[in-house]
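Everything below concerns the one structure shown next.
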Amino acid sequence: MVEEIARTLPDNVLEVIFSYLDLHDLRNCSLVCKNWYRFLNDENNDVWRLHCIRKLAEEALKSDLLSSVPTYKAKLRAFYHAWNPNDCSRNVYIKPSGFTLHRNPVAQSTDAARGKIGFRHGRHAWEVIWEGPLGTVAVIGIATKEAPLQCHGYVALLGSDDQSWGWNLVDNHLLHNGDSQGNYPLLNNAPKYQVGERIRVILDCDDNTLSFEKNYEFLGVAFRGLPDKRLYPSVSAVYGNTEVSMVYLGPPLDGHAVQLCVALRAHTLHEDCTDMMEVNTLVDHIFNTQTGIKHSTGVQCEQTFKM
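When we follow full-length UniProt numbering, the leftmost residue of the sequence shown carries the number 1, and every step to the right adds one.
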């Protein structure tokens, strides 16, 4: 009887109930029945809007910074993947929006920051927007937790050891283990980065590669043979008062995800499904994804955020 009532609750009632639940409970609610899953799968409903308002600064919601993540749930997901205020140089602070770091004007220092969430499995994409002067060195890429966040002088900190990989936007050099790995992209007279351009970073933990896109043009694989370690979005900067924003987009949809989608349709949306371990695995994956964003490689990017 209770289960039947739950399945037939109207949307306006579900909206009131779900608006008081935390993200973990919302995920569990999506397992209850098709009606609840359908309701929570609408990423622009008032439940996700209210969660956005509670977590995100008004400045972030009104700005164009999150234009690549149009739904409320996607914006919330991006916030949970944004810069980590507890994992950056002492000369860096994260602005109230949560998505933009500001480097203080400290002489003879190079400063870095990492995202809140690192990745060891799957494929992930995020955008980096350098919103202030580059200075002599401005590096974007990835790093492990062991990579340093500050050093003396003006150097390419990201890519200075075996724990980080970076692309210097100033001279278009790839950097790892303290050495230049060559020019990137492999084009004659490759254009330099212009302040405000969106660079899409694509980390493929399945193929152990790191790639970049600019202006929706795929620039090729930058690094291969990445280690089986948790890797974090990262940047390093030298210019005083420069600012860098990062917006997480999500993992590209691969064959494994397609199989999960098919299995979800075939099994988890039936009310008599009894294999709850399988249900949790499948719904966990699908519930954490949203409408795809296509980029120039033809791969579809799905938004994901771990609850």
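Positions of the beta carbon are idealized from the N, C-alpha and C atoms, including for glycine.
- For D25, the enclosing alpha helix (DSSP H) stretches over residues 23–29.
- The Cβ atoms of P233 and W165 do not sit closer than 7 Å to each other.
- Of the residues assessed, L187 falls on the exposed side of the cut-off, its CB having fewer than 16 other CB atoms within 10 angstroms.
- Remark: C-beta atoms of L226 and N215 do not approach each other more closely than 7 Å.
- One thing to note: L158 has its Cβ no nearer than 7 Å to the Cβ of C151.
- Here DSSP, grouped into helix, strand and coil, assigns N44 to coil.
- The shortest CA-to-CA distance from A113 to any of G98, L56, D25, L174 is the one to G98.
- Residues of the same chain with a CB within less than 7 Å of the CB of R7, apart from the 5 flanking positions on each side, are C33, N35 in chain order.
- Bounds of the beta strand (DSSP E) holding D111 are 109–115.
- Taken through DSSP and simplified to helix, strand or coil, A156 comes out as coil.
- Assigned with DSSP and collapsed to three states, C33 falls in coil, not helix or strand.
- Residue pairing for I17: DSSP places it in no beta bridge.
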